[in-house]
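Each residue of the sequence shown is one higher than the last, beginning at 8 in our numbering. Below is one structure, written out as structure tokens; comments come after it.
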Amino acid sequence: MRILLLLLISISLVAQSSEDTKSEHIKLFNGKNLNGWKSIGSARWKVENGVIVGGQEGDPSRSGILLTEGTFKDFDLSLEFKIDEHGKYNSGVYFRKSKTKALGHPYQLNIGRGVADEPVGLHLNGWLDKGDEDDSIRKPLQWNKLRIRAVGPLIKAWLNEKLIVEYKDPSPRKDLLESGTIGIQTYGAEGHSGWVKFREIHILNLSKK
Numbered sequence: 008m009r010i011l012l013l014l015l016i017s018i019s020l021v022a023q024s025s026e027d028t029k030s031e032h033i034k035l036f037n038g039k040n041l042n043g044w045k046s047i048g049s050a051r052w053k054v055e056n057g058v059i060v061g062g063q064e065g066d067p068s069r070s071g072i073l074l075t076e077g078t079f080k081d082f083d084l085s086l087e088f089k090i091d092e093h094g095k096y097n098s099g100v101y102f103r104k105s106k107t108k109a110l111g112h113p114y115q116l117n118i119g120r121g122v123a124d125e126p127v128g129l130h131l132n133g134w135l136d137k138g139d140e141d142d143s144i145r146k147p148l149q150w151n152k153l154r155i156r157a158v159g160p161l162i163k164a165w166l167n168e169k170l171i172v173e174y175k176d177p178s179p180r181k182d183l184l185e186s187g188t189i190g191i192q193t194y195g196a197e198g199h200s201g202w203v204k205f206r207e208i209h210i211l212n213l214s215k216k
């Protein structure tokens, strides 16, 4: 009887833990429109066939970021992306970006081509970890799975389920450890315009309540 009781308690705790975890998952993109997002810059963003599409419409100067209205500190983010193969044109995912403070750049998980020195890797004011530097994991002109996990100063990233970044910031700015927005970027570098697509954007809030 005691063993059965312990088993029932264990099952109950696991079920509760599963429910708590499930409740913290947030779908950042509803697949229909850009509700919950705010555009800054002059880039063009739209939704087509359940996909967010960002680009410059042929004008490299039209760069910008699409930011979440919500903020996150510690999190586990997953999404799928597809990007143009055009020169140094690149994209990326910003995180812990301050809404109000005019401070330095936030962390960015860059998305681009390794051959153009724009690999999928971690960037701040310079490269922190070039990740998929040789472009051996990213699938050109196909959907790629990206996962970013940030807990305090420790940042990990997976590309197509392979760990490409594991970086612990030795001396992070204070604001880089605070809650901030998530942003997706389109950037026309060195005169190259292009497009990037995102879908299936989900986040798990890991911050303690």
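By construction, the Cβ of each residue, glycine as well, lies at the ideal position given by its N, Cα and C atoms.
Where in the segment 54-117 do unbroken runs of the alpha helix (DSSP H), each at least 4 residues long, occur, reported from the N-terminal end onward? none
Can you tell me whether A164 is helix, strand or coil according to DSSP? The residue labelled residue 164 in the question sits at position 157 within the sequence shown. DSSP places A164 in strand when its eight states are reduced to three.
Measuring CA to CA, which of G99, K146 and R120 is closest to L131? Counting from 1 along the sequence shown, the entry for residue 131 is found at position 124. Out of G99, K146 and R120, G99 has the C-alpha closest to the C-alpha of L131.
Could you tell me which residues DSSP pairs with K181 in its beta bridges? Your numbering for residue 181 matches position 174 in the sequence shown. Answer is none; K181 lacks a bridge partner.
K39 versus E55, I47 and R51, residue with shortest Cα-Cα distance: Taking the first residue of the sequence shown as position 1, residue 39 is located at position 32. Answer by Cα proximity: E55.
Report back the beta-carbon spacing between G48 and W202 to the nearest angstrom; my notes put them in contact at under 8 Å. Within the sequence shown, the letter at position 41 stands for residue 48. Within the sequence shown, the letter at position 195 stands for residue 202. With 8 Å as the limit, G48 and W202 do not qualify as a contact, their Cβ atoms being about 15 Å apart.
Apart from the five residues just before and just after G121, which ones in its own chain have a Cβ nearer than 7 Å to its Cβ? Sequence index remark: in the sequence shown, residue 121 carries index 114 (1-based). Around G121: D139, E140, D141 and D142.
Could you say if the segment 82-97 and the segment 166-173 meet the contact criterion of at least three C-beta pairs nearer than 8 Å? no
For the beta strand (DSSP E) containing H130, name the first residue and the last one. In the sequence shown, the residue the question calls residue 130 occupies position 123. Here the beta strand (DSSP E) through H130 covers G128 to H130.
Just tell me which of L129, V172, L170 and I72 has its CA closest to the CA of N117. Numbered from its first residue, the sequence shown carries residue 117 at position 110. Looking at the Cα atoms, L129 is the closest of the given residues.
Do you know offhand how far H93's Cα is from T193's? Taking the sequence shown and counting its residues from 1, the one referred to as residue 93 is at position 86. Taking the sequence shown and counting its residues from 1, the one referred to as residue 193 is at position 186. Rounded to the nearest angstrom, the two C-alpha atoms are 12 Å apart.
Out of L74, V58 and S105, state which residue places its alpha-carbon closest to the alpha-carbon of S46. Counting from one through the sequence shown, the residue named residue 46 turns up at place 39. The residue with the shortest Cα to Cα distance from S46 is L74.
Rounded straight-line distance, which links the Cα of A50 to that of G119: As a first step, residue 119 is located in the sequence shown; it is residue number 112 there, counting from the start. As a first step, residue 50 is located in the sequence shown; it is residue number 43 there, counting from the start. Going from the Cα of G119 to the Cα of A50 covers about 17 Å.
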